[in-house]
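**Student:** Take this structure, written in structure tokens, and hold onto it; I'll ask about it next.
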Amino acid sequence: MSTSKKIVLAEDNTALSMLLKFKLEKEKYELFIAEDGKSAIELIEIHQPDIILTDIMMPYVSGLELTSYVRNTLDKKTPILVFSAAGQEKIVLQAFDLGANDFMCKPISVNELLIRIRRLLA
Amino acid sequence: MARFQDLLETYEQYPVLIQVIWVFVVVLFFSIVVFVILLKGVRVNLRKKEKFIYNYQKKVEACLIEYVYYEHERNTNDAFEKSFPREIIRGLSSRLKRKIILATMMKLKAEVSGEMTLPIHALFLKTRLFDFAKDKLDSDKWHIVALGIKSLSMFKVNSVSSEVMKHVNHKRVEVRREAQLYFVNLFEFEGLDFLTKIQASLSEWDQIQLLAILNKFEDQKITGVGVWLRSTNTSVILFALKLCRMYNLLEFKEAILALLIHVDKEVKIEAIKLLSYFQVSEAKELLKEEYHKLNLEERIIFFKMLEKSPVKQDLPFVLKYIQDVNFQINVSALKVLKILDIEKFKNLKNATLDQRPQEIIDFVAYK
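The structure is reproduced here in structure tokens:
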């Protein structure tokens, strides 16, 4: 069991964030939630997470900008998993070009997400 | 009082026009005051409503997430109703609250998949939300009907398919679209049966949406294509041709060949393209015989077909068109000739004196 690993979740849908919070905290992860990319950057700088989960479409700072900031400005190798909606394939490819490690298409299967997180943290 | 009397006397001394203007000014002033007060009231109410919606949405979200999470953790599919959130059940009697509850459920449903959606489905089916959605199907307002179908589709309610079927020919395209998506989302390829009943045209966007959903399904058993290819609705035929191409349904070759003499130009062109894609040799012979009846666009597509799979038997036909007035046909014919008989092509190159054909031949020769 991966204990006390820190996760920053950047997601503007509060219902999904809340559901992931329940599930990930039960799996002993420490979760920090941001409702937009700007707050996510602040959380990343403060908490130095082990993994970042980010939606692509967010207010102020998008998931792509967030990925670019982590890779280029903060120069961090923290695994980044991107959530995308159907039809955003091109944007997902852009996210990979910018340094994202994995992606999941919405609607998300929470169990699958857990498996992917474990794999990225291994 | 005396001051008011003075004002009244002064007013009466004014000419009629000035008096009218004064009346108008006073009425306007009071109207503005009344409107400002009314607007303020409306604004306050709207803010109150907005605040209530925001707070109630948060409350519903919290209840819903808690319910979904604990049901998922409990890992049993039975007796969901015992744990339905009370706050949500209570809210169902109010129209506004019900709207918020449904919107929140739909929002969550769009974000999560898998086992976690089962408690959401149960909540929808076993509460009055299902009845309300079903009642919407009988509404006189088209947007209410569309919303009803959308929610029934989202929560996978397949027991109302006969009621939804009544709307596949609704006068509003939005309702028709929701009905089509309902069938495909819930019944996969079998859901396409609505194509036999549809009278209105399926737009290109409708077709793209249907194909995108069908693309997700693993079981690709399509049964009605033969019927759809003979449909009186041109858009249904075009959609069936797309299905044949996507799922390599070569077994409907005969039905597609029959479309080569269809009255609709677009159907004919798409049929030629598809037969060319499948490289059906019978189509070539048929089109050679019917060539004089084809229009220019169909002729060009036919020559493209010949280009793709040229055989020796095509040579006499192609030779007739190597000097066709149409540039595209001319080039295609020369390309086919080059593949089938290079010597004849070279001779042709040497024999031609006119500048234009020579340029075309050079273009084909170096391509």
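Sequence order for the protein chains is A and B.
312 is the number of the first residue of the first sequence in our numbering; add one for each residue after it.
6 is the number of the first residue of the second sequence in our numbering; add one for each residue after it.
In this text, a Cβ means the ideal position worked out from N, Cα and C, and glycines have one as well.
Spatial neighbours of K202 (chain B) within its chain, please: C-beta separation below 6 Å, excluding the five flanking residues on both sides.
**Tutor:** As a working note, residue 202 (chain B) is residue 197 in the second sequence. Hits under 6 Å: V173.
**Student:** Taking the alpha carbon of E275 (chain B) as the point to measure from, which residue in B:I58, B:K247 and B:K317 has its own alpha carbon closest?
**Tutor:** In the second sequence, counting from the first residue as 1, residue 275 (chain B) sits at position 270. Of the candidates B:I58, B:K247 and B:K317, the one whose C-alpha sits nearest the C-alpha of E275 (chain B) is B:K247.
**Student:** Mind checking the segment 414 to 431 of chain A against chain B and listing, in chain order, the residues whose C-beta falls within less than 8 Å of any C-beta there?
**Tutor:** The residues in question are K417, P418, I419, S420, V421, N422 and E423.
**Student:** Below 7 Å CB to CB, which residues in the same chain sit around L301 (chain B) once its five sequence neighbours on both sides are set aside?
**Tutor:** By 1-based counting over the second sequence, the position of residue 301 (chain B) is 296. Once the five neighbours on either side are set aside, the close Cβ partners of L301 (chain B) are N331.
**Student:** Cutting at 6 Å between CB atoms, please list the residues of its own chain near S337 (chain B), excluding the five before and the five after it.
**Tutor:** Residue mapping note: residue 337 (chain B) aligns to position 332 of the second sequence, counting from 1. Result list for S337 (chain B): F308 and E312, in chain order.
**Student:** Which value, in whole angstroms, describes the spacing of the CA atoms of E341 (chain A) and L424 (chain A)?
**Tutor:** For the purposes of this step, residue 341 (chain A) is taken as the residue at position 30 of the first sequence. For the purposes of this step, residue 424 (chain A) is taken as the residue at position 113 of the first sequence. Spanning the two alpha carbons is a distance of roughly 15 Å.
**Student:** Kindly indicate the opening and closing residues of the beta strand (DSSP E) around D366 (chain A).
**Tutor:** The residue given as residue 366 (chain A) occupies position 55 in the first sequence. Taken as a continuous stretch (DSSP letters only), the beta strand (DSSP E) holding D366 (chain A) covers I362 to D366.
**Student:** Could you pull the DSSP bridge partners for E341 (chain A) from this structure?
**Tutor:** Residue numbering aside, residue 341 (chain A) sits at position 30 when the first sequence is read from its first letter. In the DSSP output, where bridge partners are listed per residue, E341 (chain A) has A:K317.
**Student:** Give me the subset of the segment 314 to 339 of chain A whose CB atoms are less than 8 Å from a CB atom of chain B, sorted by chain position.
**Tutor:** Here the close residues are N324, T325, A326, L327, M329, L330, F333, K334 and K337.
**Student:** Looking at the structure shown, is D319 (chain B) part of a helix, part of a strand, or coil, going by DSSP?
**Tutor:** By 1-based counting over the second sequence, the position of residue 319 (chain B) is 314. Helix.
**Student:** Can you name the residues of chain A whose CB is closer than 8 Å to the CB of K112 (chain B)?
**Tutor:** Stepping through the second sequence from its first residue, residue 112 (chain B) is reached at position 107. The contacting residues are N324 and A326.
**Student:** Mapping the DSSP letters down to three states, classify D211 (chain B) as helix, strand or coil.
**Tutor:** Locating residue 211 (chain B) in the second sequence gives position 206, where the first residue counts as 1. Three-state DSSP puts D211 (chain B) in a helix.
**Student:** For E336 (chain A), tell me which candidate among A:K349, A:K417, A:T389 and A:V421 has the shortest Cα-Cα distance.
**Tutor:** Here residue 336 (chain A) refers to the residue found at position 25 when the first sequence is read from its first residue. When only C-alpha atoms are compared, the closest one is A:V421.
**Student:** Is there at least one Cβ from chain A nearer than 8 Å to G46 (chain B)'s Cβ?
**Tutor:** For the purposes of this step, residue 46 (chain B) is taken as the residue at position 41 of the second sequence. Output row for G46 (chain B): interface = no.
**Student:** Based on Cα-Cα distance, which residue from A:K316, A:L320, A:A396 and A:A321 lies nearest to E116 (chain B)?
**Tutor:** For this step, residue 116 (chain B) is matched to residue 111 along the second sequence. Looking at the Cα atoms, A:A396 is the closest of the given residues.
**Student:** Grab the span of the beta strand (DSSP E) containing V393 (chain A) for me, first residue to last.
**Tutor:** Here residue 393 (chain A) corresponds to residue number 82 of the first sequence, with the count starting at 1. Start and end: I391 to S395.
**Student:** Among B:R304, B:Q62 and B:Y72, whose alpha-carbon lies nearest the alpha-carbon of K334 (chain A)?
**Tutor:** The count along the first sequence starts at 1 and reaches residue 334 (chain A) at position 23. Here the closest residue by C-alpha is B:Y72.
**Student:** Of all the options A:I363, A:L331 and A:K401, which has the alpha carbon lying nearest to the alpha carbon of I391 (chain A)?
**Tutor:** Locating residue 391 (chain A) in the first sequence gives position 80, counting from the first residue. Here the closest residue by C-alpha is A:I363.
**Student:** Please report the distance separating the alpha-carbon of R100 (chain B) from that of R182 (chain B).
**Tutor:** Looking up residue 100 (chain B) in the second sequence gives position 95. Looking up residue 182 (chain B) in the second sequence gives position 177. Spanning the two alpha carbons is a distance of roughly 26 Å.
**Student:** Any idea what DSSP makes of L409 (chain A), helix, strand or coil?
**Tutor:** As a working note, residue 409 (chain A) is residue 98 in the first sequence. Helix.
**Student:** What number of angstroms, rounded off, separates the C-alpha of T15 (chain B) from the C-alpha of K56 (chain B)?
**Tutor:** The residue you call residue 15 (chain B) lines up with position 10 of the second sequence. The residue you call residue 56 (chain B) lines up with position 51 of the second sequence. Rounded to the nearest angstrom, the two C-alpha atoms are 52 Å apart.
**Student:** Specify the secondary structure class of M312 (chain A) as computed by DSSP and reduced to three states.
**Tutor:** On the first sequence, residue 312 (chain A) is found 1 positions in, with the first residue counted as 1. Unreliable positioning characterises M312 (chain A) in this predicted model, as indicated by a pLDDT of 47, which lies under 50. A coordinate reading is not provided.
**Student:** So what's V285 (chain B) in DSSP terms, helix, strand or just coil?
**Tutor:** Within the second sequence, the letter at position 280 stands for residue 285 (chain B). Reduced to three states, the DSSP call for V285 (chain B) is coil.
**Student:** Counting only C-beta atoms, is L292 (chain B) closer than 8 Å to chain A at any point?
**Tutor:** Taking the second sequence and counting its residues from 1, the one referred to as residue 292 (chain B) is at position 287. No - not a single Cβ of chain A is within 8 Å of the one on L292 (chain B).
**Student:** Counting contacts by CB-CB distance shorter than 8 Å, is M159 (chain B) in contact with chain A?
**Tutor:** Your numbering for residue 159 (chain B) matches position 154 in the second sequence. So no, M159 (chain B) is outside the interface.
**Student:** Measure how close the beta-carbons of V189 (chain B) and I213 (chain B) come, nearest whole angstrom, since I'm counting them as under 8 Å.
**Tutor:** Taking the first residue of the second sequence as 1, we reach residue 189 (chain B) at position 184. Taking the first residue of the second sequence as 1, we reach residue 213 (chain B) at position 208. Wrong, their Cβ atoms sit about 12 Å apart, outside the cutoff.
**Student:** Using a Cβ cut-off of 8 Å, pull out every chain A residue sitting near Y74 (chain B), in sequence order please.
**Tutor:** The sequence position of residue 74 (chain B) within the second sequence is 69, counting from 1. Result: L330, F333 and K334.
**Student:** In chain A, which residues lie with their C-beta within 9 Å of the C-beta of A260 (chain B)?
**Tutor:** Reading the second sequence from its first residue, position 255 is the one you call residue 260 (chain B). Those within 9 Å of A260 (chain B) in chain A number zero; the least Cβ separation is about 32 Å.
**Student:** Kindly give me the distance between the Cβ atoms of I58 (chain B) and I105 (chain B), rounded to whole angstroms, as I take these residues to be in contact under 8 Å.
**Tutor:** Taking the second sequence and counting its residues from 1, the one referred to as residue 58 (chain B) is at position 53. Taking the second sequence and counting its residues from 1, the one referred to as residue 105 (chain B) is at position 100. Rounded, the Cβ-Cβ distance is 6 Å, consistent with contact.
**Student:** My output table needs one value for M369 (chain A): the three-state DSSP class, helix, strand or coil.
**Tutor:** Reading the first sequence from its first residue, position 58 is the one you call residue 369 (chain A). Here M369 (chain A) sits in coil by DSSP.
**Student:** Is L280 (chain B) close to chain A, meaning its C-beta is less than 8 Å from at least one C-beta of that chain?
**Tutor:** For the purposes of this step, residue 280 (chain B) is taken as the residue at position 275 of the second sequence. Not closer than 8 Å to any Cβ of chain A, the Cβ of L280 (chain B) fails to qualify, so no.
**Student:** Is the segment 224 to 240 of chain B in contact with the segment 257 to 269 of chain B, if contact means three or more CB pairs nearer than 8 Å?
**Tutor:** Contact holds: three or more Cβ-Cβ distances are below 8 Å.
**Student:** Please confirm whether I37 (chain B) has its beta-carbon closer than 8 Å to some beta-carbon of chain A.
**Tutor:** Position 32 of the second sequence, counted from the start, is the residue given in the question as residue 37 (chain B). With 8 Å as the cut-off, I37 (chain B) does not count as an interface residue toward chain A.
**Student:** Counting only beta-carbon atoms, is T201 (chain B) nearer than 8 Å to chain A?
**Tutor:** Reading the second sequence from its first residue, position 196 is the one you call residue 201 (chain B). Closer than 8 Å: no.
**Student:** When the Cα atoms are used, what is the spatial distance from C416 (chain A) to A345 (chain A)?
**Tutor:** For the purposes of this step, residue 416 (chain A) is taken as residue 105 along the first sequence, with counting starting at 1. For the purposes of this step, residue 345 (chain A) is taken as residue 34 along the first sequence, with counting starting at 1. Roughly 20 Å between the two C-alpha positions.
**Student:** So, under 8 Å CB-CB, I227 (chain B) and L254 (chain B) are touching, yes? Tell me the CB distance rounded to an integer number of Å.
**Tutor:** Stepping through the second sequence from its first residue, residue 227 (chain B) is reached at position 222. Stepping through the second sequence from its first residue, residue 254 (chain B) is reached at position 249. Right, their Cβ atoms sit about 7 Å apart.
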